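Numbering (mature numbering (1 follows the signal peptide of the UniProt record, and there is no 0)), first residue to last: -16 to -1, 1 to 473.
Glycine included, every Cβ here is placed at the ideal spot set by N, Cα and C.
Note that this is a predicted model, so its numbers are computed, not measured.
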């Protein structure tokens, strides 16, 4: 609360510091003046006698005053300097203001005014600046035009599709200002001109009042760019005081999908003419109403195209599309995963069945006839590779005495997929062992992936190893009847 009060007090003090007061006694002249880039802004003016105040060596014992704020404002409007000799003779031609005021009393004029900052004129330098017009009103005062030695100009541009609305405002009973099409012979005194595309308007001064005390004349362009130029010497000679107000107005230009079947022609600031070639050159109008063109939907239906602007998909539709795409991708990933798992299960099942077939075939040896020739002591394995012990075993070393017991042990060992049977003659190896796909045989050792076989079987096993790739390995082992032989499974 204290901070807000301090701000108000500070604002009032600054305003009071800028506020100026002039008291003009009878027979004196009124002379108001502001520095460069500022204009006179009258806030209060009264003529007569003020109660309880002493001005011009007279007391306000018989107050009698008339408010002249609006009248004086209209005289100094837009000016940086204003001079009026002996204002008493103008405001009180008969020496009296009203019946209550005695003619033998002293009267005076009191004026309160400030110097309003309007900024330097960028048009004087004729720079390449192109200020953007917005919906907020901007003003060009005649006072800043008079500050220039040349004819200042402004190039104004509104946002895409919008037009620029101009309004002339002045206070003077001796003349009127109007927008007149360039080339009109009735306009004798031209203060400036506005050009927009093929349209051009002159700011014309008439020596008589055609529209009353306050003239506000409006004109709108038909496109978004306009060049404004003033004639400084003419304004000075005529003593014209005015301001030109400009702002963005209307609707943005309707945008349709690129299609040669539709033609747009802007008739004025508020009307578009639409021609549809594909429907026997039918023509209808669209008018700017409430910041939108109407009826826009008819243009889409009649011409068969959709507007590309202002017709965007709602955010909810985009969210639904994104969620739908995510669900489709998730479903595809799930299907791929399901197919992969199913395939892996099938491969494992095939491996299991092959292993069972292999075990059954080995278990049936040597009585199933799966070995070439008769089963004799020479066709039985001479060595057994023990995967757990990672070593070669001799049956005789384990107290195996008779032939039947030895065969039984071989059968039991053969049931273990981690054991390799090796015979003294490679040609008598079980056919199921030679022909079994290597990928279905388990690794024989926890420490490595290697096993043993005789040289005459190495070529067949090596060919199988090439097909099996990473499922097998190679080592060297010393067998009883051979040197070191590369082997693989």
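Leaving aside the five residues that flank residue 272 on each side, the residues in its chain whose CB is nearer than 7 Å to its CB run, in chain order, 234, 235 and 254.
In this structure, the beta-carbon distance from residue 118 to residue 232 falls below 7 Å.
Cβ-Cβ separation between residue 49 and residue 34: approximately 6 Å, consistent with a contact (criterion under 8 Å). Rounded to the nearest angstrom, the Cβ distance from residue 248 to residue 98 is 49 Å, too far for a contact under 8 Å. For residue 7, the enclosing beta strand (DSSP E) covers residues 4 to 9. A contact between stretches requires three or more CB pairs, one per stretch, nearer than 8 Å, and the segment 157 to 176 fails this requirement with the segment 204 to 211.
For residue 220, the enclosing alpha helix (DSSP H) starts and ends at 216 to 222.
Annotation: residue 319 to residue 258 spans about 53 Å, alpha carbon to alpha carbon. Contact check for residue 92 against residue 39 passes: the beta carbons are separated by less than 7 Å. With a beta-carbon spacing of about 13 Å, residue 187 and residue 172 fall beyond the 8 Å limit used to define contacts. If the five residues before and after residue 94 are omitted, its C-beta is found closer than 6 Å to the C-beta atoms of 7 and 30, all from its own chain and listed in chain order.
Within the model, the alpha-carbon separation for residue 227 versus residue 278 is close to 34 Å. Remark: C-beta atoms of residue 100 and residue 225 do not approach each other more closely than 7 Å.
A residue is called buried when at least 16 other Cβ atoms come within 10 angstroms of its Cβ; residue 336 does not meet this threshold and is exposed. Residue burial is scored here from C-beta neighbours: residue 156 has at least 16 other C-beta atoms within 10 angstroms and is therefore classed as buried.
Taking C-alpha positions only, residue 61 is separated from residue 27 by approximately 12 Å.
The alpha carbon of residue 14 has as its nearest neighbour, out of 37, 36 and 65, the alpha carbon of 65. The beta-carbon separation of residue 127 and residue 23, rounded to 5 Å, stays under the 8 Å limit for a contact. Contact between residue 215 and residue 176 is confirmed by a C-beta separation of about 6 Å, below the 8 Å threshold.
Counting every other CB atom within 10 Å of its CB across the protein chains shown gives residue 142 a total of 16 or more, marking it as buried. Separation of the CB atoms of residue 159 and residue 189 is rounded to 5 Å, and the pair is thereby assigned contact status at 8 Å. The DSSP-derived three-state label of residue 267 is strand. Annotation for residue 147: the continuous beta strand (DSSP E) segment containing it runs 147 to 155.
Burial state of residue 146 is buried, judged by a 10 Å Cβ sphere holding 16 or more other Cβ atoms.
Residue 53 carries a helical assignment under DSSP once its states are collapsed to helix, strand and coil.
Under the rule that a run must span 3 or more residues, the beta strand (DSSP E) segments found entirely inside the segment 118 to 186 read 122 to 125, 137 to 142, 147 to 155, 160 to 165 and 173 to 180. Residue 102 is classed as buried because its beta carbon has at least 16 other beta carbons within 10 Å across all chains shown. Residue 301 is classed as exposed because its beta carbon has fewer than 16 other beta carbons within 10 Å across all chains shown. Restricting attention to 311, 123, 219 and 154, the CA atom closest to the CA of residue 130 is found in 219. Apart from sequence neighbours up to five positions away, the residues of its chain that approach residue 17 with a beta-carbon distance below 6 Å are 65, ordered along the chain. For residue 182, the closest C-alpha among the options 151, 122, 251 and 134 is that of 251.
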